[in-house]
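In full-length UniProt numbering, the protein residues as written are 1 to 365.
One structure is given here, and the rest of the page talks about it.
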Amino acid sequence: MPQKPLFVEEEKENVFSSPCNIDSSTFTPDAKFSSKRRSIRLKTPLLRVRDTKPSPVRFSKRNARDPDEEAISNLRDTALAILLQLVEVPMLESLLSVPFDLPELAEAPQPFIFENDFTPRKIKPAKIDYRGPVADLPWVKASSLCLDGRHPAGITGLWSLQACKVLCYKSVVERFSCSAESLIPGEYFSICIPIVQMLKAEQRKRALYALQLLILHLPWKRRKQLQHLLQFLHLVVDDIFVSVDKRVTNYEAVIRDFLTVVFKHPLVSEETQKILFDFLLLKSEAVFSIPSCLQRVKESGMKFCEAISIKDLETTSAEYTKRCLVDLASSVADSTEIKLADKKLWLKKLKKHHSSAYESCNFDD
């Protein structure tokens, strides 16, 4: 009795058309051992491009202010009021234009990663576990704060302590490598310059107090980034057992890679930037502490000069203006460098527009 061909159903979506024009829906023992091989596509892994941008969940966590930030925001105006008593700022418009919710410095663009969603679970790479001894290293903890909570890529595959530290440093450098702005916005230029002048005059205690107030007034996201970065760089500079760049010292590498990340302005020289940067590194913990007197000032209120009435202000202003005009007219009349014709012209204008000041000079006598 002749045997009937055996039909085996295959998934249509997984079958390519055979290059030998064999009906792929029919599978017989003869065809199995045939010298002509046909290609049957099985379920193969499909490569898909995954974007490595941070997830919206992590963004929402980073954008949420904790209670400490809320408390600092309440002290922000008081800190600025006290700061303006320490430094002289010609214009406040640019300083006040910086929003408190200014975004963080942009990250360096991440490459796309090809991943396989259809790989069997048993051969999927295990999730990276950072709970091992590597995660307990101060360098790794500090660098992960600079990297928005992520550990440096590939840190778990390293067993050398020096290699781990170098990778941490390079990851942080790459994180801030594409930043067009600085952590301290350029609008704070008018405050940073007087602080540098205090440091040059050896007024370090006063400069530290001014920097503490300045840090409190920074946008909160930039302040957190600056705090995390300075803590990490402080570890790098103080570590004498590892070299992040064999050509230079750790301090020189930090200056080269992060000087303009902390603060830069087209009108500020590199020497001025370095003085401010050095002091921030030296006082990386103290500058982020809240002055003890700040809360007392906020509760008691600012003490200003005694208020005067508008009438008294106008009278005082008129008397002061008249006295200045008299002094100016007297200096013009007594000057030996001004021509006589110019003197007569200027005094004629003074008599026309400010007759009371002209009469006080007694030029007619």
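Note that the Cβ used here is the ideal one computed from N, Cα and C, for glycine as well.
Residue i, DSSP secondary structure in three states
i, result
"Ile191", "helix"
"Ile308", "coil"
"residue 366", "Nothing about residue 366 can be read from this structure; the chain reaches only from 1 to 365."
"Ile290", "coil"
"Ile338", "coil"
"Ala126", "In this predicted model, Ala126 has a pLDDT of only 44, less than 50, meaning its place in the structure is not dependable; the value taken from the coordinates is given anyway. DSSP places Ala126 in coil when its eight states are reduced to three."
"Lys351", "helix"
"Trp346", "helix"
Local Cβ density within 10 Å of residue i, reported as buried at 16 or more and exposed below that
i, result
"Pro219", "buried"
"Cys192", "buried"
"Arg223", "buried"
"Ile255", "buried"
"His353", "exposed"
"Val248", "exposed"
"Leu345", "exposed"
"Ala180", "exposed"
"Asn250", "buried"
"Lys349", "exposed"
"Leu313", "exposed"
"Ser317", "exposed"
"Ile338", "exposed"
"Cys293", "exposed"
"Ala266", "Here residue 266 is Pro; the residue named in the question, Ala, does not match the sequence. Under this definition Pro266 is an exposed residue."
"Lys221", "buried"
"Phe232", "buried"
"Ile310", "exposed"
"Ile72", "buried"
"Ala333", "exposed"
"Ile240", "exposed"
"Ala341", "exposed"
Supposed contact pair residue j and residue i - C-beta distance, whole angstroms, cut 8 Å
i, j, result
"residue 367", "Ser143", "Within the shown structure, residues of the chain are numbered from 1 to 365, placing residue 367 beyond reach of any answer."
"Phe279", "Leu199", "6 Å"
"Cys164", "Val196", "Going by Cβ atoms, the distance from Cys164 to Val196 rounds to 36 Å, so no, they are not a contact pair."
"Ser190", "Pro291", "No, Ser190 and Pro291 are not in contact; Cβ-Cβ is about 21 Å, not under 8 Å."
"His228", "Cys146", "5 Å"
"Leu86", "Arg206", "7 Å"
"Leu75", "Leu259", "So it is not a contact: roughly 29 Å between Cβ atoms."
"Ala329", "Ala307", "With a Cβ gap of about 34 Å, Ala329 and Ala307 do not count as contacting."
"Val98", "Pro185", "5 Å"
"Leu213", "Leu83", "4 Å"
"residue 396", "Val242", "The displayed coordinates of the chain run from 1 to 365. Any statement about residue 396 would go beyond what the structure contains."
"Asp238", "Val173", "Wrong, their Cβ atoms sit about 18 Å apart, outside the cutoff."
"Pro194", "Glu270", "Contact flag wrong, Cβ pair sits at about 19 Å."
Span of the alpha helix (DSSP H), counted from its first residue to its last, around residue i
i, result
"Asn250", "250-262"
"Arg222", "220-238"
"Leu96", "93-96"
"Pro138", "138-146"
"residue 371", "With the chain running from 1 to 365 in the structure shown, residue 371 is simply not present."
"Ser171", "161-175"
"Leu280", "270-282"
"Leu86", "76-86"
Best match in the options for proximity to residue i [C-alpha to C-alpha]
i, options, result
"Glu187", "Leu211, Arg223, Leu95", "Leu95"
"Val262", "Lys246, Ser284, Asp245, Ser243", "Ser284"
"Pro138", "Leu105, Val297, His234", "His234"
"Val287", "Leu230, Lys349, Leu328", "Leu230"
"Asp148", "Ala210, Leu105, Gln273", "Leu105"
"Thr78", "Arg296, Gln203, Glu314, Thr316", "Arg296"
"Tyr209", "Leu80, Lys339, Ser73", "Leu80"
"Ile275", "Lys221, Val173, Glu202", "Glu202"
"Leu211", "Glu271, Asp245, Val244, Phe277", "Phe277"
"Glu107", "Ser243, Phe176, Gln162, Phe100", "Phe176"
"Gln273", "Gln162, Ser182, Asp327", "Ser182"
"Gln162", "Val134, Leu102, Lys264, Glu174", "Val134"
"Lys322", "Asp342, Phe100, Glu359, Asp238", "Glu359"
"Ser331", "Asp238, Leu347, Ala341", "Leu347"
"Pro152", "Ile72, Lys170, Asp136", "Lys170"
Cutoff 8 Å: residue i Cβ touching any chain D Cβ
i, result
"Glu271", "In the structure shown, chain D does not exist; there is a single protein chain."
Any non-hydrogen atom of the ligand NAD closer than 7 Å to residue i Cβ
i, result
"Gln227", "You won't find the ligand NAD in this model; it holds no ligand whatsoever."
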